[in-house]
Amino acid sequence: ARVLLLHGGRAIVRHRGRVIVEAVPQVDSWEVSWHGERVVPLGEGRGEVRFAESAEEGIATERIAAGHWRFGPRAGGERIRLRPGGPTRTLKNLLQEHAVPAWRRARLPLLFDGDRLVWVPGIGIAADYRAPGLLPTWHP
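Each residue of the sequence shown is one higher than the one before, starting from 275 at the first, in our numbering.
Put into C-alpha cells, the structure is as follows:
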C-alpha cells in the first residue's frame, strides 16, 4: 500500500520500500521562463534545474538561442518523441513505464519550447532537440 503523509510543507512517502521526504510545491499553475541560464530556480518547493555542457547529449545550443523556452507543470495530454524515427509517446505512459510515483509526477518541471515538450527529468530530451549542448538536471 502507498503511504503519503503531509507535514509542514513536506510529503513523507513510502515508495518501493524506501521512505522519501520532499517539499510539496503549490498545486497551482506556474511557469518560469528560460533564456539559456545555467541555473534556473523554479520557485518555492520546486528546486532548480542546472545545465552543464555535454559533448555527448544535451539540448542543441542553436535550438536554445532560437526558442521560446519555459518550465512548467504537467497539464495533461503532453507527448514527446525520444528516439529519432520512433513513435511519439504520451507523457503519462512514459512516467508510468519509468515508475515515477504519482505524487512526484505533479512536481516534475517540464521544459517546453513554445508548446512543444522538450525535456522530462529522468526520462529524456526530445529526439529532434538532442545533440551536444546543454544537459539539464533537476535538483528537487
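Backbone N, C-alpha and C fix where the C-beta goes; we use that ideal spot for every residue, glycine too.
query                                                                                                                                                                                : result
Helix, strand or coil for alanine 380, going by three-state DSSP, please let me know.                                                                                                : coil
Give the DSSP bridge partners of leucine 356, in chain order.                                                                                                                        : Answer is none; leucine 356 lacks a bridge partner.
Can you tell me which of the three DSSP states arginine 312 falls into?                                                                                                              : coil
Is glutamate 371 helix, strand or coil when you go by DSSP?                                                                                                                          : helix
Quick check: what's the CA-CA separation for glycine 388 versus serine 307?                                                                                                          : 10 Å
Would you kindly work out how many angstroms separate the C-alpha atoms of arginine 416 and arginine 324, rounded to a whole number?                                                 : Past the boundaries of the shown model lies residue 416; the chain is included only from 275 to 414, so the question cannot be answered.
Helix, strand or coil for alanine 400, going by three-state DSSP, please let me know.                                                                                                : coil
Smallest Cα separation from glutamate 330: which of Val394, Tyr403 and Pro315?                                                                                                       : Tyr403
What does the Cβ neighbour count give for arginine 381, buried or exposed, with the cut at 16 atoms within 10 Å?                                                                     : buried
Terminal residues of the continuous beta strand (DSSP E) containing alanine 285?                                                                                                     : 284-289
Here's the rule: buried if 16 or more other CB atoms are within 10 angstroms of the residue's CB, otherwise exposed. What is alanine 373?                                            : exposed
Count the other C-beta atoms from every protein chain shown that fall within 10 angstroms of the C-beta of arginine 290, then say buried if there are 16 or more, exposed otherwise. : exposed
Taking 7 Å as the limit between beta carbons, can you name the residues of its chain near glycine 396, skipping five residues before and five after?                                 : His372 and Val374
Would you call the CB atoms of leucine 384 and arginine 353 closer than 8 Å?                                                                                                         : no
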